[in-house]
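In my numbering, the protein residues as written are 566 to 1152.
Some notes on the structure that comes next.
Written out as structure tokens, the structure is:
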């Protein structure tokens, strides 16, 4: 079943394509043949160049980030090496022990100065090292600083990059060195003093990481840096509104080295200590080169499109315009008075076809006029024949004569039959005027049913249930009798029952004719309602039903409906739905 539906859908598409005009086919073929290769080439080029540019830009960003990581690792390794010398080396460690045991003030002052001198020598010999001091976490005090300390020294508030049992790596953070005002990195290592809890604090030098963490207004590009701890928390951020400090880096995964987050593209490099450095770049800048290429290819496409339009215009002038003349000539076939266009198309084949078309047009209209005259004479003869076959005046007068003869001879039943027949014919032949109402139809139906009750040798009941509001509604003449006649001829037998009802439903007049006869199948109903005259005649009641359908279509158009519902052995229901008249028309 699904296969059949699929074939039907395919056939519908094929039929729709066959109805496409020649003009549209030319346009379609021209556009496909000219634009399709260029579009395909453009799409392939776009994806290829987009991939090349993307890989080139990402590779450059990753390479720059790797250099930044090496620079930062070197600075931290250098501080780690210096801290290892100071925490475990002989000179400063020996002086630190002597100071711890010396009580004499002068000797302590000498040792302190010697300690400071030792620290200054290390600082001056290593420009990548800045502030150095010893910190006592139990007393929250520091001493032996080689530079003046700005503010209160609070190492617990510094951003942690990586923490190990003996050493902790911090941040970028504002330097505690009172002589500089910039961001620095720092480390803190526990000093090898068994009897004391003391740590060595070292900051990076003045210019150690200036290229990485210079003020943003001094950076030439919009690339910004983040530092992540080994568990993915942001320890430093130059884009605080999108990547705030102390928050988790979005979608942190140690195995993923690049991706997109919000309006930024990011690259990541992980150090040997476990912390990571991340560069973020606005996505719009990442795509600048691709967009520039896309703009160029769009310009080329527009130029190509203009050339295609120019070629299409030339094609129209050379081919389709002569076809359009031929099209107008064909359309003029339906107009006998249409002016003949004699200008040539300058295409020999078309000019010959136009000559043949104009000759055929003259012959067609001559034949049409001849047929029209014959049909008019035939219609006049048919009308005249009907007038002679059925003369209403003669028929009415004859029935009146029979009525009086039956009355004079005491034939009451014949008199009753003739009187009903006379009234019915008088109504159906239009003697009462063209206008009719539902009330008139009901009265005529009563006369018809009285005739049929005399005619048939079986008994049947008729129930007329008509709302008084319906009686004044206008109705076509001879509307109900054919439907009731069908019920009598093809449904009702002994103990038969016919129901005729009329009701007002909103703005509709609904008429129902129901019988309890033998009913009919759905195929019979479909044939009865078919527009095919032969099919409707086959079911035995097509003449009257065809009249009802045509009178409804003529009087009401699509605003009226005729429905038939029937069950074999149970009977048939015929429903008419007519538009109701308002105001004076209904009165």
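Quick reminder that beta carbons are idealized off the backbone N, C-alpha and C, glycines included.
With three or more CB-CB distances shorter than 8 Å, the stretch 750 to 757 counts as touching the stretch 725 to 738.
Residue 1033: not part of any beta strand (DSSP E); DSSP gives it neither H nor E.
Inside the stretch 691 to 778, DSSP marks whole beta strand (DSSP E) runs of 3 or more residues at positions 694 to 701, 706 to 708, 725 to 728, 732 to 739, 748 to 755, 764 to 769, from first to last along the chain. Under a 10 Å Cβ-count criterion, residue 594 is classified as exposed, with fewer than 16 other Cβ atoms of the shown protein chains found around its own Cβ. Per DSSP, residue 849 is one residue of the alpha helix (DSSP H) stretching across 848 to 851.
Rounded to whole angstroms, residue 714 and residue 804 show a C-alpha spacing of 28 Å. Annotation: residue 790 is outside any alpha helix (DSSP H); the continuous beta strand (DSSP E) that includes it extends over 789 to 793. DSSP places residue 975 outside both helix and strand once states are collapsed to three, so it counts as coil.
The stretch 850 to 870 makes no contact with the stretch 630 to 647: fewer than 3 CB pairs, one atom from each, lie closer than 8 Å.
Per DSSP, reduced to three states, the secondary structure at residue 811 is coil, with no helix or strand assignment. Of 1073, 926, 840, 1131, the smallest CA-CA separation from residue 893 is found for 926. Within the same chain, 652, 653, 658 come within 7 Å of residue 757 by CB-CB distance, once the 5 residues on both sides are set aside. Per the coordinates, the alpha-carbon of residue 722 lies some 32 Å from the alpha-carbon of residue 666. In this structure, the beta-carbon distance from residue 842 to residue 626 does not fall below 7 Å. Per DSSP, reduced to three states, the secondary structure at residue 1029 is strand. According to the DSSP assignment, residue 1133 belongs to no beta strand (DSSP E), since it is labelled neither H nor E.
In the DSSP assignment, residue 1092 falls within the unbroken alpha helix (DSSP H) covering 1087 to 1093. In the three-state reduction of the DSSP assignment, residue 796 falls in the coil class, being assigned neither a helical nor a strand state. According to the DSSP assignment, residue 835 belongs to the beta strand (DSSP E) that extends over 829 to 835. The beta-carbon separation of residue 1134 and residue 1084, rounded to 6 Å, stays under the 8 Å limit for a contact. Per DSSP, residue 668 lies in no beta strand (DSSP E) segment and is marked neither H nor E. Residue 812 places its beta carbon less than 7 Å from that of residue 799. A buried status is given to residue 736, since no fewer than 16 other beta-carbon atoms sit within 10 Å of its beta-carbon. No residue range can be given for residue 1060, since it is assigned to no beta strand (DSSP E) and is classified by DSSP as neither H nor E. Per DSSP, reduced to three states, the secondary structure at residue 980 is helical.
In the structure shown, residue 802 adopts extended strand secondary structure according to DSSP, grouped into three states. Under the three-state reduction of DSSP, residue 1070 is assigned to strand.
By DSSP's assignment, residue 824 forms a beta bridge with 831. Straight across, the Cα-Cα distance linking residue 895 with residue 1095 is about 35 Å. Using a Cβ distance threshold of 7 Å, residue 1112 and residue 1041 do not count as a contacting pair.
In the structure shown, residue 652 falls within a helical segment according to DSSP collapsed to helix, strand and coil. In the displayed model, residue 1042 falls within coil according to three-state DSSP, outside both helix and strand. Our two residues, residue 1091 and residue 1140, have alpha carbons roughly 15 Å apart in a direct line. Listed as beta-bridge partners of residue 1126 by DSSP are 1142. With at least 16 other beta carbons inside 10 angstroms of its own, residue 754 counts as buried.
Taking each of 985, 826, 769 in turn and checking the Cα distance to residue 740, the smallest one comes out for 769.
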